[in-house]
Amino acid sequence: MKRPSFDDIYMQLAEQLALRSHCVKMKVGAVLTKDTRIISLGYNGPPAGTHNCDEEWPETGCLRDSKGSCSLALHAEQNAILYAARNKVDMESTTLYVTLAPCIACARVIYSIGIKKLIYKNSYAEYKGIGTEEGVEFLKKFGIEVLKYEQPAMDDGRYK
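Spelled out as structure tokens, the structure:
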């Protein structure tokens with residue numbers, strides 16, 4: 006049996022973290038690493054101590070804001086970054102694994118905090134029905150390495 010790569014391990018962990026989300030619409034997980042070590046984890050959902058959408062509004066999810074997004078939820082990458090910041094963890098030159106490509110707002114935070122590499126699995130643009138992967142394009146434009154993760158099929162390549 007072939008040993009899994011760290012990319013495979015961290016993306017699988019992000020997928021497992023996503024299952025903890027209370028979001029009714031989309032479950033997203035994130036893993037923040039530095040030098041092959043996990044420094045923070047996150048998944049999307051309301052801030053601790055507020056509502057759990059799947060319990061409070063199981064049919065529809067939480068209320069929507071003026072742009073049609075969740076009014077309560079923090080994104081998975083926001084949760085991972087905020088936890089690391091709250092615990093004074095240095096995030097300079099880290100790698101972020103996330104199951105859904107970042108929105109433009111999260112991309113600005115990712116860039117500003119010093120994350121140098123992003124590996125994402127699914128398209129935010131497809132999920133939202135928009136024409137471009139705004140967050141990914143923003144990060145690439147400003148020198149962040151961005152890779153789309155592809156589940157390994159036996160032994161072949163992982164990235165497009």
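Using our numbering, read the sequence shown as starting at 6 and increasing by one per residue.
The beta-carbon is built from N, C-alpha and C at its ideal position, and this holds for glycine as well.
Keep in mind it's a predicted model, so treat the numbers as computed, not measured.
For G34, the enclosing beta strand (DSSP E) begins and ends at 34-39. Taking Q21 as the centre and dropping the five residues before and after it, the same chain places the C-beta of G34 closer than 8 Å to its C-beta, in chain order. Just measuring C-alpha positions, the residue of A130, A23, E97, Y48 sitting nearest A85 is Y48.
Annotation for S45: the continuous beta strand (DSSP E) segment containing it runs 42-48. In this structure the region 59-74 does not touch the region 36-43; the number of beta carbon pairs closer than 8 Å is below three. Judged by their CB atoms, L144 and Y116 are nearer to each other than the 8 Å cut-off.
Distance from I124 to Y154 at the Cβ level is roughly 5 Å; contact confirmed, criterion being Cβ atoms closer than 8 Å. I118 and E61 have their C-alpha atoms spaced approximately 33 Å apart. Q83 counts as buried, since at least 16 other C-beta atoms from the protein chains shown sit within 10 angstroms of its C-beta. Leaving aside the five residues that flank A81 on each side, the residues in its chain whose CB is nearer than 8 Å to its CB run, in chain order, A19, L22, A23, S26, V33, G34, A35, G47, Y48, N49, V103, T104, L105. Rounded to whole angstroms, the separation of the alpha carbons of I135 and E142 is 13 Å. Nearest Cα to M31 within the set E150, E139, K133, S45: K133.
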